[in-house]
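Engineer: Numbering (our numbering), first residue to last: 5 to 786.
Glycine included, C-beta positions come from ideal geometry on N, C-alpha and C.
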């Protein structure tokens with residue numbers, strides 16, 4: 005530039021166009037770990053920013069305030085519009101770009117032209133979201149956007165039509181699913197990429213971390229350089245259903261492969277996709293889809309006609325239950341009739357079996373397995389409601405001699421303990437229906453009775469239980485492994501997926517997926533929903549204050565027991581410390597009930613029990629009102645003490661415990677009005693009894709499982725009850741009993757997360773135990 009040119013140059017005021025170029029670059033990233041700092045290369049999405057002043061491009065990294073251009077044979081000085089350039093930078097940064105010079109952890113390699121980094125978390129979804137969301141808006145603001153050919157985060161229009169293709173094996177036992185989009189007239193299978201999203205999100209299952217990402221769009225990888233971007237809400241809905249089918253294992257065919265039993269999830273998946281994406285081309289095996297729609301519709305409320313041979317009028321919900329049971333048979337699947345206690349699971353099952361015989365479909369005897377205490381009840385109920393059914397009870401010392409005639413019967417009754425003794429006989433016979441009453445008996449997959457039940461051969465399988473989940477989700481797995489082996493995956497897969505102690509927020513998706521998966525095969529109705537003609541039930545918690553020697557004994561045992569439990573947990577861990585934990589808690593519960601129960605020397609001199617005194621005060625009030633009372637306790641020794649107290653007070657009563665030889669005798673005496681009070685151990689009489697002649701229930705001591713207490717209450721509060729029922733729970737205030745009530749609610753939620761309406765319910769933890777062992781309210785922790 006000559007001096008004349010320099011001094012005489014015109015000053016040109018020119019507008020500019022902001023230019024961004026998206027490219028992929030390798031940057032040097034500094035990582036911090038526990039040992040040292042280390043640098044490594046990483047490929048990221050970067051932006052080269054420049055400003056085009058009428059054909060002259062100035063890099064954003066250029067620090068000059070002006071530049072020169074040839075104009076009419078001379079050089080013209082062009083000042084940069086630094087204020088507007090700064091506005092451009094702020095707009096770009098508002099879309100998530102961060103200036104590279106501000107990032108100490110990132111260093112550009114030689115030759116780099118990068119000015120900005122797209123996002124900081126190295127997340128492909130964020131980069132593709134930027135491309136899908138920011139680029140069109142930047143262009144609408146007047147930016148010129150250039151995308152390098154090798155840019156790894158190019159996006160395809162998310163409006164591309166989706167398709168699902170179903171491939172089935174010859175027997176229609178298994179099917180494979182392919183999901184994808186049509187791009188430029190070619191189908192692209194996205195199933196591997198979708199499964200990558202699930203694998204990367206959390207333990208091959210949870211969507212929690214995927215949802216928590218800030219990106220508005222989610223990226224589904226199509227090939228090395230292109231992604232399909234889908235609105236986050238749409239993709240989440242798709243994956244919520246896909247998660248039901250994916251167990252972390254993949255097929256080499258690039259499809260997901262499932263049992264035909266899982267076709268209901270396929271139906272929900274395609275319905276969800278049709279609603280979310282608007283268009284879905286369905287191709288492949290139509291019979292699998294038809295089966296899926298039928299399975300998904302299992303829970304539709306349709307009523308079946310009661311078989312003519314049944315001498316009962318089914319209530320509307322019972323007729324709907326019968327219809328559901330019949331649809332299970334038609335589809336060849338098992339199910340869990342999990343109605344609330346007292347709603348007539350027995351009658352619905354009898355109607356099913358009677359109808360099968362009437363229709364001529366029964367190809368052999370049906371086997372009903374049950375606890376010993378229920379054999380007599382089943383015999384009476386079948387004789388009452390379906391006298392045309394030929395029934396043989398294989399029970400007692402002469403049962404084997406009845407085997408030939410039993411195999412010619414319509415219904416065979418036996419017990420879980422006797423199944424183990426006579427297992428070989430049962431294994432050599434194919435049954436029409438195999439029904440497990442109180443099916444929670446097989447909740448432990450390793451128990452002998454569970455293995456025995458699994459080994460039996462039957463055309464149809466059915467479980468009856470009001471408590472399919474008592475303490476853990478693995479109990480549900482055990483029941484479904486009996487009904488439909490493999491339906492919930494292997495025990496190890498199930499345990500890993502529904503891990504104990506999982507964070508509730510992170511496990512919500514797994515629980516929702518499990519609930520959706522089993523929903524068609526579990527029918528549960530609560531009294532509040534269907535038996536509106538039942539009289540009201542009033543539940544009352546009566547706190548009892550303990551004082552003096554009883555309180556001192558509680559505190560002494562609490563301190564010693566808590567120390568013992570802590571040592572056991574430190575040595576063995578909480579999972580292997582069950583016995584010392586239960587032993588310590590049982591001693592505290594015994595002190596609450598009556599010090600005479602506690603097998604320690606310090607308890608021998610304590611003769612007063614505040615709860616014992618309060619019980620007889622309450623009982624007297626109820627008897628004065630003409631009420632008839634059921635009393636439940638975990639401790640048979642406590643029932644003996646109460647019985648002794650009643651004899652002293654001339655109160656007519658009967659008792660039922662595990663040692664009662666003739667179970668039916670006390671039941672009949674109470675039902676006939678020969679006793680006002682029925683003392684019952686929770687284990688021996690918590691199920692299988694119909695005692696609607698009682699209208700008051702007293703739980704002398706609470707227990708962990710609320711379902712066990714609910715079952716006991718429902719001995720009185722069930723169909724046939726015409727009077728209001730009052731339920732009293734006696735608890736020692738501020739003690740382990742009161743704190744157990746809070747844990748009971750959490751246990752209840754574990755079951756309701758799957759078969760009810762709640763979504764959480766963690767197992768007992770070390771913190772829970774510490775709370776249980778807190779001192780009595782107002783008592784110093786010595």
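Report the rounded CA-to-CA distance for residue 197 versus residue 46, giving the unit in angstroms.
Structural biologist: 21 Å
Engineer: For residue 337, tell me which candidate among 491, 385 and 378 has the shortest Cα-Cα distance.
Structural biologist: 491
Engineer: Between which two residues does the alpha helix (DSSP H) harbouring residue 193 extend?
Structural biologist: That residue, residue 193, is in no alpha helix (DSSP H); its beta strand (DSSP E) goes 190-193.
Engineer: Compare the C-alpha of residue 488 against each of 521, 465, 624 and 729 and name the closest.
Structural biologist: Residue nearest to residue 488 within the set 521, 465, 624 and 729 is 465 (criterion: CA-CA distance).
Engineer: Just the C-alpha distance for residue 182 and residue 189, rounded to the nearest angstrom, thanks.
Structural biologist: 17 Å
Engineer: Along the chain, where does the alpha helix (DSSP H) containing residue 292 start, and where does it finish?
Structural biologist: 290-300
Engineer: Report yes if the CB atom of residue 154 is closer than 9 Å to the CB atom of residue 53, and no otherwise.
Structural biologist: no
Engineer: In terms of DSSP beta bridges, what is residue 466 paired with?
Structural biologist: 339 and 439
Engineer: Can you tell me whether residue 477 is buried or exposed? The criterion is at least 16 other CB atoms within 10 Å of its CB, across all chains shown.
Structural biologist: buried
Engineer: Going along the chain, which unbroken runs of the beta strand (DSSP E) with 3 or more residues stay wholly within the stretch 515-595?
Structural biologist: 541-548
Engineer: Which residue wins for smallest C-alpha separation from residue 392, given the options 376, 438 and 359?
Structural biologist: 359
Engineer: Specify the secondary structure class of residue 135 as computed by DSSP and reduced to three states.
Structural biologist: helix
Engineer: Do residue 732 and residue 684 have their beta-carbon atoms positioned less than 9 Å apart in this structure?
Structural biologist: no
Engineer: Can you find at least 3 beta carbon pairs, one from the stretch 297-311 and one from the stretch 327-342, that sit closer than 8 Å?
Structural biologist: yes
Engineer: So for residue 273, helix, strand or coil by DSSP?
Structural biologist: Note: residue 273 maps to helix in three-state DSSP.
Engineer: Answer yes if the stretch 243-254 comes into contact with the stretch 266-286, meaning at least three C-beta pairs across the two stretches below 8 Å, and no otherwise.
Structural biologist: yes
Engineer: Under the three-state reduction of DSSP, which class applies to residue 200: helix, strand or coil?
Structural biologist: helix
Engineer: What is the DSSP secondary structure of residue 629, reduced to helix, strand or coil?
Structural biologist: coil
Engineer: DSSP three-state call for residue 120: helix, strand or coil?
Structural biologist: strand
Engineer: For residue 167, name the three-state secondary structure that DSSP assigns.
Structural biologist: strand
Engineer: Between the alpha carbons of residue 19 and residue 150, how many angstroms are there, rounded?
Structural biologist: 20 Å
Engineer: Can you tell me whether DSSP reads residue 488 as helix, strand or coil?
Structural biologist: coil
Engineer: Answer with buried or exposed for residue 405, where buried requires no fewer than 16 other C-beta atoms within 10 angstroms of its C-beta.
Structural biologist: Residue 405 is exposed by the Cβ-count criterion.
Engineer: Less than 8 Å between the CB atoms is what I'm expecting for residue 533 and residue 595, so what's the real figure, rounded?
Structural biologist: In fact, because the Cβ distance is near 40 Å, the residues do not count as touching under 8 Å.
Engineer: Helix, strand or coil for residue 81 per DSSP?
Structural biologist: In this structure, residue 81 counts as strand in the three-state DSSP scheme.
Engineer: How would you label residue 574, buried or exposed, when you count the other beta carbons within 10 angstroms and need 16 or more for buried?
Structural biologist: exposed
Engineer: Check residue 316 in the structure and name its three-state DSSP category.
Structural biologist: coil
Engineer: Take the Cβ of residue 665 as the centre, count every other Cβ of all protein chains shown within 10 Å, and call the residue buried at 16 or more, exposed below.
Structural biologist: exposed
Engineer: Of the residues 58, 77, 86 and 76, which one's Cα is nearest the Cα of residue 70?
Structural biologist: 86
Engineer: Can you name the start and end residues of the beta strand (DSSP E) that residue 182 belongs to?
Structural biologist: 178-187
Engineer: When you compare only the Cα positions, how much space is there between residue 779 and residue 636?
Structural biologist: 27 Å
Engineer: I'd like to know whether the C-beta of residue 113 is nearer than 9 Å to at least one C-beta of chain B.
Structural biologist: Here there is only one protein chain, and chain B is not present.
Engineer: Hey, how far is the Cα of residue 163 from the Cα of residue 131?
Structural biologist: 19 Å
Engineer: Below 9 Å between beta carbons: does that hold for residue 453 and residue 429?
Structural biologist: no
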